[in-house]
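Worksheet: the structure to be examined is printed underneath.
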Ligand code: DSN
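The structure is reproduced here in structure tokens:
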């Protein structure tokens with residue numbers, strides 16, 4: 003910060019302000035976490051300078067003596083951590099990783115079966131606003147309207163009728179475990195490739211607190227900044243037989259140079275993920291999400307699927323007098339940061355967002371447990387049910403501040 007403060011005091015001040023915002027608010031965004039300090043260091047290191055194209059030992063620029071070692075470390079550690087036959091650590095993001103998987107084995111126009119966005123899927127799973135839907139012919143499965151969970155019989159029926167070349171098992175807002183074995187049986191029945199997008203779940207899988215998709219899938223993609231607690235960027239795991247195709251699809255197929263600083267951060271988080279501290283945060287993340295869901299249900303909130311098996315809790319606010327956006331705004335003014343989210347019922351009403359998505363990762367990384375989670379639910383309820391009462395929202399803000407002071411962001415210093 004010394005140099006930044008000298009070169010651009012305005013930007014330096016914004017960094018300090020952001021640090022303070024993180025320190026003084028409760029982060030319930032399921033797609034975020036508090037990364038270890040060493041991750042921030044390596045992302046800001048000289049590895050940011052190096053331009054690479056190609057793969058270790060086969061580069062298009064010289065001077066790769068050290069960055070080849072960095073990428074090889076990320077490859078060895080990542081494969082070993084997830085028990086994968088092959089890994090590519092170059093994708094810039096989860097969407098880039100998914101694009102590369104599609105282009106590795108599909109032809110444009112091929113059929114893909116994936117989860118619908120309002121039911122939990124992701125933009126890069128063929129949403130009409132995403133380039134993925136313009137390149138491939140997506141059909142979407144939904145959750146069962148009663149259980150709000152994946153109905154595998156229905157997925158099978160759709161697979162038999164659509165005959166996709168690829169099935170995507172994975173989601174960005176689905177709080178339940180996915181039965182990858184069942185998905186693999188369905189994919190096998192229709193001779194489709196199976197891709198699991200575990201962007202949200204990678205940290206939980208790395209710590210072995212939920213089952214891994216790796217043994218059941220041809221391809222697995224993930225990002226490193228959610229439960230994984232690392233830096234930005236995506237990763238592809240696959241069976242050895244697809245390795246060459248994946249490498250070509252990533253570079254030069256879908257992207258040019260990759261970010262060496264982020265590849266180094268991936269190598270680092272794959273090492274840290276083996277430490278007891280990391281595992282303990284992931285265990286706490288699961289426990290805290292369950293407590294959060296229970297406490298909200300005690301207050302009669304409609305929790306999608308009636309609970310959670312991972313770090314996410316989805317609230318459908320349809321029966322409450324507040325929209326997803328108003329809840330997000332009101333909670334932000336009270337110091338509780340989360341995002342509005344579409345829920346299954348929103349699919350018939352264009353532009354309607356009736357839910358909010360909560361994640362337990364970042365508060366667990368701060369060391370919070372059951373008493374704090376129950377307090378957070380009390381505070382959320384107080385603010386959301388009184389969004390127009392400034393005094394109530396202010397009172398919640400003060401109590402959030404107190405909680406934040408008791409549990410400072412420790413950046414992996416202790417767990
Ligand atoms: N996929 C987006 C989310 O889940 O919020 C960003 O990571």
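Numbering (the numbering used here), first residue to last: 3 to 417. Here a beta-carbon is modelled for each residue, glycine too, at the ideal position from N, C-alpha and C.
query	result
Checking 8 Å against the spacing of the C-beta atoms, do residue 381 and residue 358 come in under that value?	no
Just checking residue 36 against the ligand DSN - is the residue's beta carbon closer than 7 Å to any of the ligand's heavy atoms?	no
Is DSSP giving residue 418 helix, strand or coil here?	In the structure as shown, the chain begins at 3 and stops at 417. Residue 418 is therefore absent and cannot be evaluated.
Can you tell me whether residue 390 is buried or exposed, with buried defined as 16 or more other CB within 10 angstroms of its CB?	exposed
Nearest-angstrom Cα distance between residue 215 and residue 11?	46 Å
Taking 7 Å as the limit between beta carbons, can you name the residues of its chain near residue 54, skipping five residues before and five after?	61, 63, 66, 69, 259, 260 and 262
For the ligand DSN, enumerate in chain order all residues having a CB closer than 5 Å to any of its heavy atoms.	33 and 174
Just list the alpha helix (DSSP H) runs in the segment 195-223, keeping only unbroken ones of 4 residues or longer that don't cross its boundaries, in chain order.	204-208
Measure the C-alpha to C-alpha separation of residue 365 and residue 28 and round it to an integer number of angstroms.	7 Å
Go ahead and pull the three-state DSSP assignment for residue 105.	helix
Just confirm the distance between the C-beta atoms of residue 118 and residue 143, as a whole number of angstroms; I'd bet it's less than 8 Å.	7 Å
Which runs of the beta strand (DSSP E), 3 residues or longer, sit entirely within the segment 48-106?	88-90
Could you check whether residue 238 and residue 412 sit closer than 8 Å to each other, using their CB atoms as the reference points?	no
Looking at the unbroken beta strand (DSSP E) that takes in residue 168, where does it start and where does it end?	168-172
Is the beta carbon of residue 394 closer than 8 Å to that of residue 388?	yes
Could you work out which residue in 58, 275, 309 and 77 is closest to residue 240 when comparing CA atoms only?	77
Count Cβ pairs between the segment 130-141 and the segment 71-85 that sit closer than 8 Å; are there 3 or more?	no
So is the beta-carbon of residue 309 under 7 Å away from any non-hydrogen atom of the ligand GDP?	The ligand GDP is absent from the structure shown, which contains only the ligand DSN.
Suppose the cutoff is 7 Å on Cβ atoms and the five residues either side in sequence are ignored; what does the same chain contact list for residue 98 look like?	236, 256 and 257
Taking only three categories from DSSP, how would you classify residue 317?	strand
Quick check on residue 310: does DSSP put it in helix, strand or coil?	coil
So what does residue 141 bridge to, in DSSP terms?	115
Residue range of the beta strand (DSSP E) that residue 360 falls in?	357-361
Taking C-beta to C-beta, are residue 139 and residue 181 nearer than 8 Å?	no
With distance defined between alpha-carbon atoms, name the residue in 312, 292, 227 and 86 nearest to residue 212.	312
Given a threshold of 16 other Cβ atoms within 10 Å of its Cβ, counted over all protein chains shown, does residue 302 qualify as buried or as exposed?	exposed
Between 333, 219, 409 and 404, which lies nearest to residue 31 when the distance is taken from Cα to Cα?	333
Answer with buried or exposed for residue 367, where buried requires no fewer than 16 other C-beta atoms within 10 angstroms of its C-beta.	buried
Is residue 381 close to chain C, meaning its C-beta is less than 8 Å from at least one C-beta of that chain?	Included in the structure is just one protein chain, with no chain C present.
Would you mind reading off the limits of the alpha helix (DSSP H) that contains residue 263?	262-274
Does the distance from the C-beta atom of residue 168 to that of residue 222 stay below 8 Å?	no
Return the Cβ separation of residue 204 and residue 229 in integer angstroms, given the expectation that the two are a contact with Cβ distance under 8 Å.	6 Å
To the nearest angstrom, how far is it from the Cα of residue 281 to the Cα of residue 224?	18 Å
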